[in-house]
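Protein chains in written order, with the numbering used here: chain A, 43 to 153; chain B, 169 to 278.
Note that the Cβ used here is the ideal one computed from N, Cα and C, for glycine as well.
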């Protein structure tokens, strides 16, 4: 699976949009981009995933560049409960599905 | 209505002991996983079972033995516990492209 690079930490004001970047310059054509987050002392939580097109769900939006070498996770209106470590993961689809977690980005939402 | 549950939540034990962590999912998923998160917060996959069959076995000491009595359960048995086994262990189950994680079991080996 391709390697990802994320900033170690970011801050965001409550109520503002949080934009979390991820670089995956070695991504292959059949690799998906996944985002999970881990709130302190809890299990990771799925947020969103995509292949080529931008995706949106009730939690967030995922913007993937046209060359697919980077992506941005957008939390449109961050709340204090969104403070967590956010993981960007690239993986190949298929039956032997596994997630390889990196260090992630610690997003701190400030009041 | 817990989707993926683990017991116990905390486990403190002495070196050399044998212990088990239980995981149950009520989501009807066929695939389950065990992950380990060490003190540096790296989360690494250990095992994966699909319909009671082992499909992923990362480089894990053979002191760790997963057991799946049915597809709703994936238990982790650890023999001869060592200090380095101290970590948080997460169970997960998968439906299509999404993994659902349990709350974790914090294992402390003294």
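>> Output needed in chain order: residues of the region 240-263 of chain B with a Cβ under 9 Å from some Cβ in chain A.
In response: Listed by position along the chain: 256, 258, 259, 260 and 262.
>> If contacts are defined as beta-carbon pairs under 8 Å, then residue 116 of chain A and residue 105 of chain A qualify, I think. What distance do you get, rounded to the angstrom?
In response: 7 Å
> Which residues of chain B have a Cβ atom closer than 7 Å to the Cβ of residue 84 of chain A, listed in chain order?
Replying inline: 271
> Roughly how many angstroms separate the alpha carbons of residue 216 of chain B and residue 225 of chain B, rounded to a whole number?
Replying inline: Within the model, the alpha-carbon separation for residue 216 of chain B versus residue 225 of chain B is close to 7 Å.
>> Cβ closer than 9 Å: which chain B residues qualify as neighbours of residue 141 of chain A?
In response: 201, 203, 211, 213, 260 and 267
>> If the criterion is Cβ atoms closer than 9 Å, does the pair residue 202 of chain B and residue 268 of chain B meet it?
In response: Between residue 202 of chain B and residue 268 of chain B, the C-beta gap is not smaller than 9 Å, which leaves the two residues out of contact.
> Are the CB atoms of residue 213 of chain B and residue 231 of chain B nearer to each other than 9 Å?
Replying inline: no
>> I want to see whether chain A comes within less than 9 Å of residue 207 of chain B, judged by CB atoms only; does it?
In response: Not an interface residue.
>> Can you list, in chain order, the residues of its chain with a C-beta nearer than 7 Å to that of residue 184 of chain B? Leave out the 5 residues immediately preceding and following it.
In response: For residue 184 of chain B, where only same-chain residues beyond five positions count, the Cβ hits under 7 Å are 248 and 249.
> Cα separation between residue 122 of chain A and residue 60 of chain A?
Replying inline: 12 Å
>> Taking 9 Å as the threshold (beta carbon to beta carbon), is residue 216 of chain B in contact with chain A?
In response: yes
>> Taking the beta strand (DSSP E) that residue 92 of chain A belongs to, which residues open and close that run?
In response: 87-92
> Exposed or buried, what is residue 100 of chain A when buried is set at 16 or more other beta-carbons lying within 10 Å of its beta-carbon?
Replying inline: exposed
> Using a Cβ-Cβ cut-off of 7 Å (strictly less than) and excluding sequence neighbours within five positions of residue 275 of chain B, which residues of its own chain qualify?
Replying inline: 179, 253, 254, 255 and 257
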